[in-house]
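Right, one structure below, let's go through it.
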Amino acid sequence: MVETKIVEKLLLTPSEAAKALSISRSKLYELIGQGRLSTVQIDTSRRVPAQVLVEFIQHLQHREAEREV
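Numbering (the working numbering), first residue to last: 5 to 73.
Pasting the structure below:
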């Protein structure tokens, strides 16, 4: 029996990160420039850690919940 494992990406390209957030690449770079999203650099490649996207979404949800109170 062969077991298939799906491994989620830990680092995304800016294009992949923008697509995951359903925003444009320009908006993604704006968020990076504002310090709202952090990135890592591997040689000449810039990547967005998947965990950063999860934390960003959680922050937005928390902020939205506070507004509703």
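Even for Gly, the Cβ is constructed at its ideal location relative to N, Cα and C.
Inset, instruction - Kindly indicate the opening and closing residues of the beta strand (DSSP E) around Q45. - result: In the sequence shown, the residue the question calls residue 45 occupies position 41. Run containing Q45: V44 to I46, per the beta strand (DSSP E) assignment.
Legend entry - L16 versus L57, E68, D47 and Q62, residue with shortest Cα-Cα distance: Sequence index remark: in the sequence shown, residue 16 carries index 12 (1-based). Looking at the Cα atoms, L57 is the closest of the given residues.
Legend entry - F60 and L25 closer than 9 Å at C-beta: Sequence index remark: in the sequence shown, residue 60 carries index 56 (1-based). Sequence index remark: in the sequence shown, residue 25 carries index 21 (1-based). Going by C-beta atoms, F60 is nearer than 9 Å to L25.
Inset, instruction - Might you give, ordered along the chain, the residues of its own chain that have their beta carbon closer than 6 Å to the beta carbon of V52, omitting 5 neighbours on each side? - result: Stepping through the sequence shown from its first residue, residue 52 is reached at position 48. Excluding positions up to five away in sequence, the list reads L16, A21 and T43.
Inset, instruction - Using three-state DSSP, classify S19 as helix, strand or coil. - result: For the purposes of this step, residue 19 is identified with residue 15 of the sequence shown, where counting begins at 1. Three-state DSSP puts S19 in a helix.
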